[in-house]
Structures are given as C-alpha cells and as structure tokens.
Amino acid sequence: MKYSIRNKALLAALTIGSAIVIGMNACKVPDSIAAKSGAQLWGENCNRCHNAPDPHTFSDDQWDAATEHMRQKALLTDMEITKIRIFLKTANK
Ligand code: HEC
Numbered sequence: 014m015k016y017s018i019r020n021k022a023l024l025a026a027l028t029i030g031s032a033i034v035i036g037m038n039a040c041k042v043p044d045s046i047a048a049k050s051g052a053q054l055w056g057e058n059c060n061r062c063h064n065a066p067d068p069h070t071f072s073d074d075q076w077d078a079a080t081e082h083m084r085q086k087a088l089l090t091d092m093e094i095t096k097i098r099i100f101l102k103t104a105n106k
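For the sequence shown, the numbering used here gives the first residue as 14, with consecutive numbering after it.
Shown next as structure tokens:
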C-alpha cells in the first residue's frame with residue numbers, strides 16, 4: 014500500500030515533468046527563425062505569392078493591418094511577423 018502511493022506520486026511527477034518538456038519544445042522558436050532579421054524574413058516570405066511590397070507603400074497603421082492579414086495568409090509565426098512588421102515600420106520612414 015505504501016509503495017503504491019509512492020509509485021503514484023512518482024508517476025504523477027514524471028507525467029508533469031514530461032508535460033513541461035513537451036510544452037517547452039512546442040514554444041521553442043527554431044534557431045533558423047530566431048537568427049534571421051526582419052528584412053531577411055520579409056525577403057524570404059513576402060514575395061512567395063506576389064512581389065514583396067516596398068516598405069514605403071504604407072504607413073505604420075496600414076502595415077499593422079496588412080501584416081496581420083498576411084500573417085494568416087502566409088501562415089507565419091508570431092516571431093516572424095513581428096520581426097517583419099518592425100522592419101517595415103522602421104524602413105518606411
Ligand atoms: C500565401 C501567399 C501570400 C504570402 C506568403 C504573402 N501574401 Fe500578401 N497577399 C496575398 C494575396 C492573395 C493578396 C491579395 C489580397 C487577398 O486576397 O487577401 C495579398 C495582398 C497583400 C497586400 C495588399 C493589402 C492587403 O492586406 O490585402 C499587402 C500589403 C501584402 N499582401 C503584403 C504582404 C507581406 C508584407 C507579406 C509577408 C509577410 C505577404 N504579403 C505575404 C498572398 C500572400
């Protein structure tokens with residue numbers, strides 16, 4: 014009886030431990046994306062379906078809307094679109 018309670022506690026600890034490891038892996042951003050600049054990601058992703066639009070085409074507010082729209086179309090991660098958005102809003106000045 015004593016042992017079975019201890020085993021259950023061990024099993025619970027292992028289950029929670031595995032869940033944390035799996036959760037951390039799911040959130041881990043691949044190094045290939047983390048290492049890239051917004052300009053690079055823009056060049057690689059935003060001309061897949063049409064010519065990558067010049068940053069000067071839009072104001073900051075317009076880029077907020079357009080990049081949210083394109084995040085969904087291009088299936089980009091939050092980190093990718095955030096870097097691209099910062100690049101566009103810096104380069105349009
Ligand atoms: C999967 C294909 C695809 C990718 C990748 C893509 N676009 Fe688009 N984009 C479209 C289509 C299709 C349209 C035409 C509008 C529509 O049908 O939604 C469009 C329209 C636009 C427009 C016009 C305004 C608007 O919101 O409709 C802008 C600006 C734009 N894209 C910017 C970008 C940027 C910046 C990226 C990179 C983050 C990007 N696109 C990546 C398919 C794509």
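The C-beta atom is built at its ideal place from N, Cα and C for all residues, glycine as well.
Per DSSP, reduced to three states, the secondary structure at residue 67 is coil, with no helix or strand assignment.
Residue 84: member of the alpha helix (DSSP H) spanning 73 to 87, first to last residue.
The shortest C-alpha to C-alpha distance from residue 81 to any of 52, 99, 46 is the one to 99.
Nearest to residue 102 by alpha-carbon distance, out of 18, 28, 71, is 71. About 16 Å separates the Cβ atoms of residue 46 and residue 83, ruling out a contact at the 8 Å cut-off.
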